[in-house]
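Participant: Chains as they are written, first to last, in full-length UniProt numbering: chain A, 1 to 396; chain B, 1 to 396. Okay, here's the structure, questions in a sec.
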């Protein structure tokens, strides 16, 4: 048998370490405290309500047919209702339903990114998002993030005269840092993008999960219909990721291209999940669900902060997100977090090491913790184990 | 507001005519006989069984989490059982679950197709498949199809010394022609592909829906593990398209790349649908379901043949598929089938015109009819209307 004659393109940035942690999630590994994946807690998934909706909706053959590529019309209607009065209020001609937020990013790249195009990403950034841009041949430029999100004023210097095709940002409760782009930087980012004619990918999966502080307008709202702003949204974090339903909010002139591109990707988004979500939204369940989730995630973040203060105060610092799922820990003791990962796993705790969040492998001293999917007592146990693992690599 | 500074890439081949027929499917248009879309009949979708499975499976929060990117392990197991003893018998390390067959094609292109690569397609071919290759910058070469499928022996001459990166074929009950690649041509195709080191994309959505004639081994089976053969399969036609679940069967060395590529596309395939399918397969429902479908689709093809013979014998010829969903009608009276589409729609019947199945707009004299989704009495009504429409364009 001949070997493959082509060097198959490695499209992902996800290295062996994350592979381990990903597959962990799907194995019955005993007693691992899992801070790795960005999934809602099992108890946060409204399975009871969804299965009640399923009993009705999924008994109909029409629920299993191809959906309209732009999204099932009843879901469009329910989405418009859901967004009315929010920072993401929109119109049907701007909406395209996608297979989660990831497909929004893939659609953007399929339509806009040519080989060699420069795409600005945050540093650290969401790995799969930057991997998508790479899979279309983009060149990535990493711009550092601080407590106020991407350091937008560094952009002109880092670009060094080049013009980016697109600027990819998760402005609110950023993955992985938990940082939120300040209002001033939001305005400045749009101003710079307009001056260059660059598109802005406004990826905001966590915005509805704010549990502290004052809400900020989305880039979508600040853009006020500017066709340069391409907004990517998802139900993954607010309801359930396994449904694989999200949406793009973009200039109406793009909708036809989005539909054509999506037809060449997966034809349409799975219809049973769209029907379940329509039932959930139209049934008025979302607001109560979000209120509960926000309170619980706040409790969990505080538990993680307390545990970190107890166990890591002497050797690390960490971020203080006002919402979302993640915080970012930077070690000050020289321990390599990819090495720490293996030791921590043996101690019974999983996280994702920093280099997974940088296309150039930065952040060997940092790691991401998901506080959202673990109850407070288990968070304490996990952070205790993590400190034990750190001590093994750093006997001092 | 600035206009978009970039020429967004038009990735689809799906022109306005198909757009109309696609959106038709999703509107409550009165009394249209729909031969356009390739959906199973509503009465062919096992909604009752699936909703019974949903009542159990979808009451569990774990059914809504991220799935393993390669596919939910229970679905892997059920698939291996389903395929045991068939021409597609395989092993878990060759399987990647996808969002329908389309995503199998998209994955192939994302991993293998570079701008300028030559990809051989059948002529006519499945539009969205060729659109996917185009969206990665492929150049397409169309090879004619006759009653025995792709005319493989024409390939060397048409290639004119060039080497294709891949050969894309739907060997069995081809979309749109209904033709099946003969055993001799299957062997010859593999032989040529090996001589060039070209990959073969073996896209076989309809193989299990044979209602006449003797089964042929799949290219996958004939390839006997040759890493050049990349097999794309789906549940869309045999169970339901809205679930968006299919699978790729490829060389085990590709599985890691497929996982990475899929993580940059949609993270994973929606888990509720995977759980429903696992329940359906593990519950032993598939075989009885297929037996019923095959008998019904045979009845419908025969009804369409009878109606065509009654109304079109003097001005057209058509194919005689031994399975699947489609037959292909070629008019001999000079009527342009894109023009016919509009007139036919006004008469209350929809089909897809031939040029939609060719990247260069061939087949202005032909169209595709789906016989699978319409009961026999409606098939007769639809063909009667179609003849009326044809008469309006061709008064002779």
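We put the CB at the ideal spot given by N, CA and C, even for glycine.
Give the residues from the segment 97 to 113 of chain A that approach chain B closer than 7 Å (Cβ to any Cβ), ordered along the chain.
Facilitator: 99, 100, 102, 103, 106, 110, 111, 112
Participant: My assumption, with CB atoms under 8 Å, is that residue 53 of chain B sits in contact with residue 354 of chain B. Please give the rounded CB distance.
Facilitator: Translated into the one-based positions of the second chain, residue 53 of chain B becomes position 53. Translated into the one-based positions of the second chain, residue 354 of chain B becomes position 354. Not really, about 40 Å apart at Cβ, beyond 8 Å.
Participant: Chain B partners of residue 217 of chain A, CB-CB under 8 Å?
Facilitator: Here residue 217 of chain A is taken as the residue at index 217 of the first chain, counted from 1. Correct list: empty, because the minimum Cβ distance to chain B is about 17 Å.
Participant: Rounded to whole angstroms, what's the CA-CA distance from residue 172 of chain B to residue 200 of chain B? Just pull it up for me.
Facilitator: Residue mapping note: residue 172 of chain B aligns to position 172 of the second chain, counting from 1. Residue mapping note: residue 200 of chain B aligns to position 200 of the second chain, counting from 1. Roughly 14 Å separates the two Cα atoms.
Participant: Which residues in the same chain as residue 117 of chain B place their Cβ atom closer than 6 Å to its Cβ, once the five residues preceding and following it in sequence are excluded?
Facilitator: To locate residue 117 of chain B, count along the second chain from 1; it is residue 117. Within the same chain, residue 117 of chain B has close Cβ partners 138, 165.
Participant: Scan the segment 234 to 266 of chain B for residues whose Cβ lies nearer than 9 Å to a Cβ of chain A and list them as they occur along the chain.
Facilitator: 236, 239, 240, 241, 242, 243, 244, 245, 251, 253, 254, 256, 257, 259, 260, 261, 262, 263, 264, 265, 266
Participant: Output, in sequence order along the chain, the residues in the segment 31 to 45 of chain A whose CB is closer than 9 Å to any CB in chain B.
Facilitator: 37, 38, 39, 40, 41, 42, 43, 44, 45
Participant: Determine, using beta carbons only, whether residue 55 of chain A comes closer than 8 Å to chain B.
Facilitator: Working through the first chain from its first residue, we reach residue 55 of chain A at position 55. Chain B contact via Cβ: present.
Participant: Within the present structure, is the beta-carbon of residue 113 of chain A separated from the nearest heavy atom of the ligand SAM by less than 7 Å?
Facilitator: The ligand SAM is absent from the structure shown, which contains no ligand whatsoever.
Participant: Just to confirm the assignment, what range does the alpha helix (DSSP H) spanning residue 230 of chain A have?
Facilitator: Within the first chain, residue 230 of chain A is the residue found at index 230, counting from 1. Note, residue 230 of chain A: premise wrong, no alpha helix (DSSP H); beta strand (DSSP E) at 229 to 234.
Participant: Should the segment 367 to 379 of chain B be called in touch with the segment 295 to 305 of chain B, which here means at least 3 C-beta pairs below 8 Å?
Facilitator: yes
Participant: Using the rule of at least 16 other Cβ atoms within 10 Å of the residue's Cβ for burial, across every protein chain shown, is residue 156 of chain B buried or exposed?
Facilitator: Here the question's residue 156 of chain B lines up with position 156 in the second chain. Classification of residue 156 of chain B: exposed, given that the 10 Å Cβ count is below 16.
Participant: To test your reading of the DSSP string, which unbroken alpha helix (DSSP H) runs of 4 or more residues are found completely within the segment 160 to 202 of chain A?
Facilitator: 183 to 196
Participant: How many angstroms separate the CA atom of residue 38 of chain B from the CA atom of residue 380 of chain A?
Facilitator: By one-based count along the second chain, residue 38 of chain B stands at place 38. By one-based count along the first chain, residue 380 of chain A stands at place 380. Residue 380 of chain A has its alpha-carbon roughly 54 Å from the corresponding atom of residue 38 of chain B.
Participant: Could you tell me whether the Cβ of residue 115 of chain B comes closer than 8 Å to any Cβ of chain A?
Facilitator: The residue you call residue 115 of chain B lines up with position 115 of the second chain. Residue 115 of chain B counts as touching chain A.
Participant: For the segment 250 to 269 of chain B and the segment 87 to 107 of chain B, state whether three or more C-beta atom pairs, one from each stretch, are separated by less than 8 Å.
Facilitator: yes
Participant: Kindly list the residues whose CB is nearer than 6 Å to the CB of residue 65 of chain A, restricted to its own chain and excluding five residues on each side of it in sequence; keep chain order.
Facilitator: Within the first chain, the letter at position 65 stands for residue 65 of chain A. Closer than 6 Å at the Cβ level, and outside the excluded window around residue 65 of chain A, lies no residue.
Participant: Verify whether the separation of the beta carbon atoms of residue 390 of chain A and residue 349 of chain A is less than 8 Å.
Facilitator: Position 390 of the first chain, counted from the first residue, corresponds to residue 390 of chain A. Position 349 of the first chain, counted from the first residue, corresponds to residue 349 of chain A. Against a cut-off of 8 Å, the Cβ pair of residue 349 of chain A and residue 390 of chain A comes out as no contact.
Participant: If you reduce the DSSP assignment to three classes, tell me which class residue 60 of chain A lands in.
Facilitator: Within the first chain, the letter at position 60 stands for residue 60 of chain A. Looking at residue 60 of chain A - three-state DSSP - the assignment turns out to be coil, as it is neither helix nor strand.
Participant: According to DSSP, is residue 240 of chain A helix, strand or coil?
Facilitator: Counting from one through the first chain, the residue named residue 240 of chain A turns up at place 240. The answer is coil: DSSP assigns residue 240 of chain A none of H, G, I, E or B.
Participant: Considering residue 326 of chain A, what are the terminal residues of the alpha helix (DSSP H) in which it resides?
Facilitator: As a first step, residue 326 of chain A is located in the first chain; it is residue number 326 there, counting from the start. Here residue 326 of chain A belongs to no alpha helix (DSSP H); instead the beta strand (DSSP E) covers 326 to 331.
Participant: Counting only C-beta atoms, is residue 90 of chain B closer than 8 Å to chain A at any point?
Facilitator: On the second chain, position 90 is the one that residue 90 of chain B refers to. No, no contact with chain A.
Participant: Using a Cβ-Cβ cut-off of 8 Å (strictly less than) and excluding sequence neighbours within five positions of residue 218 of chain A, which residues of its own chain qualify?
Facilitator: Against the first chain, residue 218 of chain A aligns to sequence position 218. The beta carbon of residue 218 of chain A lies closer than 8 Å to those of 87, 88, 171, 172, 202, 204, 207, 231 in the same chain, with the five residues before and after it left out.
Participant: According to DSSP, what are the bridge partners of residue 300 of chain A?
Facilitator: Taking the first residue of the first chain as 1, we reach residue 300 of chain A at position 300. DSSP, once it has assigned bridges, lists no residue as partnering residue 300 of chain A.
Participant: Within a Cβ cutoff of 7 Å, which residues of the same chain sit near residue 429 of chain A, ignoring the five residues on either side of it in sequence?
Facilitator: Within the shown structure, residues of chain A are numbered from 1 to 396, placing residue 429 of chain A beyond reach of any answer.
Participant: If the cut is a Cβ gap below 7 Å, which residues of chain B does residue 206 of chain A touch?
Facilitator: Taking the first chain and counting its residues from 1, the one referred to as residue 206 of chain A is at position 206. Near residue 206 of chain A there are no residues of chain B at all, since even the closest Cβ is about 16 Å away, more than 7 Å.
Participant: Using a Cβ-Cβ cut-off of 6 Å (strictly less than) and excluding sequence neighbours within five positions of residue 44 of chain B, which residues of its own chain qualify?
Facilitator: Stepping through the second chain from its first residue, residue 44 of chain B is reached at position 44. Closer than 6 Å at the Cβ level, and outside the excluded window around residue 44 of chain B, lie 293.
Participant: Hey, how far is the Cα of residue 82 of chain A from the Cα of residue 281 of chain A?
Facilitator: Here residue 82 of chain A refers to the residue found at position 82 when the first chain is read from its first residue. Here residue 281 of chain A refers to the residue found at position 281 when the first chain is read from its first residue. Cα-Cα distance, rounded: 7 Å.
Participant: Does residue 191 of chain A pass the burial test, meaning 16 or more other C-beta atoms within 10 Å, or should it be called exposed?
Facilitator: Start at 1 with the first residue of the first chain, and residue 191 of chain A comes out as number 191. Classification of residue 191 of chain A: exposed, given that the 10 Å Cβ count is below 16.
Participant: I think residue 387 of chain B touches residue 312 of chain B, with their Cβ atoms under 8 Å apart; what is that distance to the nearest whole Å?
Facilitator: Working through the second chain from its first residue, we reach residue 387 of chain B at position 387. Working through the second chain from its first residue, we reach residue 312 of chain B at position 312. Yes, residue 387 of chain B and residue 312 of chain B are in contact; Cβ-Cβ is about 6 Å, under 8 Å.
Participant: Are at least three pairs of beta-carbons, each pair with one atom in the segment 174 to 187 of chain B and one in the segment 102 to 113 of chain B, less than 8 Å apart?
Facilitator: Touching, no, given that fewer than three Cβ pairs across the two stretches are closer than 8 Å.
Participant: Could you give the DSSP three-state label for residue 367 of chain B: helix, strand or coil?
Facilitator: Locating residue 367 of chain B in the second chain gives position 367, where the first residue counts as 1. Strand, per DSSP.
Participant: Would you mind telling me which residues of chain A sit closer than 8 Å to residue 63 of chain B, beta carbon to beta carbon, in chain order?
Facilitator: Residue 63 of chain B sits at position 63 when you count from the first residue of the second chain. 47, 242, listed in chain order.
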